[in-house]
Amino acid sequence: MNKRKNRQCYNVEGTELSVQTVHTAEEYQCENADKEVFSDSFGRVNDEDRDGQPKGGLGGGEIEEAHPSKKQKAEKIEGPGIVTDKLFSSLQISKPTHAAISEIGFQNMTQIQARSIPHLLMGRNVMGVARTGSGKTLAFLIPVVELLYHIKFKPRNGAGAIIICPTRELAIQTHGVAKDLLKHHSQTLGMVTGGVSRRKEAERLAKGVNILVATPGRLLNHLLHTEWFNYRNLKFLIIDEVDRIVDPNFENEMKQILNLLPQERQTALFTATHSKEVEDFVKLSFNEPPVYIGVDDGRSKVTSEGLNQGYYLVPSRERFLVLYTILKNKTVLSKKVMVFFSSRNSVKYHAELLKCMCIDCCEIYGKQEQKKRSKTISDFSNAKKGVLLCTDVAARGLHIPAVDLIVQYDPPKEPNEYVHRVGRTARGEGVEGTALLFLLPEEKNFVNYLHEANVPVIQYNLNREVPKLQSQLEKLVRENDYLHQSAKEAYKSYIAAYNSHTMSEIFNIHHLNLQGVAASFGLRTPPKINLKLKSSAFKFKKKMCIVNGNDSSFPKPHRRRLGLC
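Note that our numbering numbers the sequence shown so that position 180 is 212, with each residue one more than the last.
Structural data, given as structure tokens:
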């Protein structure tokens, strides 16, 4: 039983915020909620966008909860579904691996598994492209385990396989699946990521880790500085979430890693989305062209079949009030919700604010203590309902079961990032979910980019009036010193993130209503802020313009002071 604590919070009574005492728990366990559609009184589809798109308002249909123990149903490999009629038992793999797969509970392979595993077992290089939640992890782990088993790889041989993941969370989850697969094998498993003791990792590497799961930065650190780290016998390199790995933040690290690792190896790359940057990285990673496996090639959309997607056009001033309205909706209260923000300061502020307004929530973000972050993810994964506020650290690779609703409160950096965010829901065969995107009216052109990327997003209109709580919100923030300071920091981080957006032709800092933005953070006036276009963001935008053959149209870097400074 978790310890409970009393919290003074503010609840809506009509248009007033009334004080009451509530009990909050550290985790979100509860009884199974009745399945129901999201209320039609909450939102509806804009008639202009209705034709040829999913019907209904928020939700658009009954929500089916997905659990890891849920059996996958068979479906022909040629069909549009994720799961095929190909059984794991049909694979020519070792008895220990068969036993582990059976104990995990998997029977039928997914499309990406059925099409890539045979090639990888034959020693071929593979480039796999498949939507989020399609089973890419098992697709590469089974061949890795089999290769090292058959060549009798021992701890003294060092690292036989390295799996690179862009985030700690994805590395942790991949490590967990690998641990289950190795249950009846003698090969050793290890993980190196940021946020944990480097010294302990080095000691473990010196003893011999056959399968190593790693994030780029920490892996490079060990390659350069850990003397007894033996990677000379590397047989297999896996790079997961390649569309994130090609981010400029990883570019230099990945080039160094690829240069340091043995060139005579088998390589496999997996990604949810395909782009020119991914293609360039493929050329850098393979000595010869790989077998290309595009599971979703020819599909009319890149997101899951059961995903209902819509967007709201909301003025800056009303953004938080609309979010509050969504989270207080009776149907949503019984669901599992993830809300994405552009900065950790915004996550921390909104978490405290929502708790003050009687909405229980938890949060994860970058530079958060790893132990706390892991516990939050574990608690939320095991919960039946709840609200998780997060940055894009949660958008990649995380498998959190039964997420019903994704709210993108702050816009994604690009369509690919949108795809990864919404990929946290409607994961698996026959499972439904809902994704909502908040846009300012002047940002509506972003929808065109989503449509070009085969994302079928439609406009929703709120039937319900936004509650008239602005003055009460400002009073709440003003009278709480900690909340007031947190609001100012969150405002500044929001503006800074907006200013560095890679699609500045749509998300233009000069078009923002700063007074309205401040109001959405419960502030009467915009805090002073001095904006400078970061050189890294400029270089990335410059690179994108050159790639698109539009170098001459790129605006010169600008520096502009905004607010009252």
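Think of the CB as a built atom: it goes at the ideal place given N, C-alpha and C, for glycine as much as any other residue.
Using a Cβ-Cβ cut-off of 7 Å (strictly less than) and excluding sequence neighbours within five positions of residue i, which residues of its own chain qualify?
i	result
Lys476	Leu345
Leu292	Leu255
Ser503	none
Ser126	Glu178, Tyr181
Asn540	none
Lys404	none
Glu511	none
If you check the beta carbons only, do residue i and residue j fall under 7 Å apart?
i	j	result
His257	Pro128	no
Thr225	Arg250	yes
Gly165	Ser148	no
Arg601	Gly240	No answer is possible for residue 601: it lies beyond the span of the chain, which begins at 33 and ends at 597.
Arg612	Ala146	No answer is possible for residue 612: it lies beyond the span of the chain, which begins at 33 and ends at 597.
Gly548	Ala519	no
Lys368	Gly418	yes
Ala132	Leu173	no
Leu421	His382	yes
Gly167	Thr142	yes
Ala378	Ala522	For clarity, residue 378 is Ser in the given sequence; the question names Ala instead. Contact flag set, yes.
Ala162	Val278	no
Asn157	Pro294	no
Met370	Val435	yes
Thr206	Val176	no
Arg376	Thr423	yes
Leu221	Leu214	yes
Mapping the DSSP letters down to three states, classify residue i as helix, strand or coil.
i	result
Gly208	helix
Asn291	helix
Phe138	coil
Gln298	strand
Glu497	coil
Lys387	helix
Leu472	coil
Gly240	coil
Ile409	helix
Gly548	helix
Arg278	Sequence check: residue 278 is Val here, not Arg. The answer is coil: DSSP assigns Val278 none of H, G, I, E or B.
Met223	strand
Ile432	coil
Ala246	strand
Thr116	strand
Asn562	strand
Phe553	coil
Tyr263	coil
Glu401	coil
His217	coil
Met286	helix
Ser532	coil
His543	helix
His306	coil
Glu152	Per the sequence presented here, residue 152 reads as Leu, with Glu not at that position. Three-state DSSP puts Leu152 in a helix.
Pro444	coil
Thr258	coil
Asn189	helix
In the DSSP assignment, what residue or residues form a beta bridge with residue i?
i	result
Thr466	Asn340, Leu437
Gln491	Tyr343
Leu324	Strictly speaking, residue 324 in this sequence is Tyr, with Leu absent from that position. Tyr324 pairs with Met159.
Lys368	Gly418
Ile271	Ile196, Leu301
Cys394	Leu420
Keeping to the same chain, check which residues put their C-beta closer than 8 Å to that of residue i; ignore five residues upstream and five downstream.
i	result
Phe470	Tyr343, Tyr344, Val346, Arg351, Val354, Leu355, Val439, Gln440, Tyr441, Asp442, Pro443
Val228	Gln402
Lys267	Leu179, Leu180, Ile183, Phe185, Gly192, Ala193, Arg297, Gln298
Leu339	Val454, Thr457, Ala458, Glu464, Gly465, Thr466, Ala467
Gln124	Leu153
Lys287	Leu316
Ala234	His254, Thr258, Trp260, Phe261
Ile289	Ile196, Pro248, Leu251, Leu252, Leu255
By Cβ distance below 6 Å, which residues in the same chain neighbour residue i in space, the five residues on each side in sequence not counted?
i	result
Glu284	It should be noted that the sequence gives Asn, not Glu, for residue 284. Excluding residues within five positions, none has a Cβ falling inside 6 Å.
Leu386	Cys393
Glu309	Val278
- Task: Check whether the stretch 390–410 touches the stretch 528–540, counting contact only when three or more Cβ pairs, one atom from each stretch, lie closer than 8 Å.
- Result: no
- Query: Okay, do the stretch 271–278 and the stretch 295–312 touch, 3+ Cβ pairs below 8 Å being the bar?
  - Reply: Yes, they touch.
- Query: With contact counted as at least three CB pairs below 8 Å, one residue from each stretch, are the stretch 448–457 and the stretch 480–492 in contact?
  - Reply: Three or more Cβ pairs drawn from the stretch 448–457 and the stretch 480–492 lie within less than 8 Å of each other, which places the two stretches in contact.
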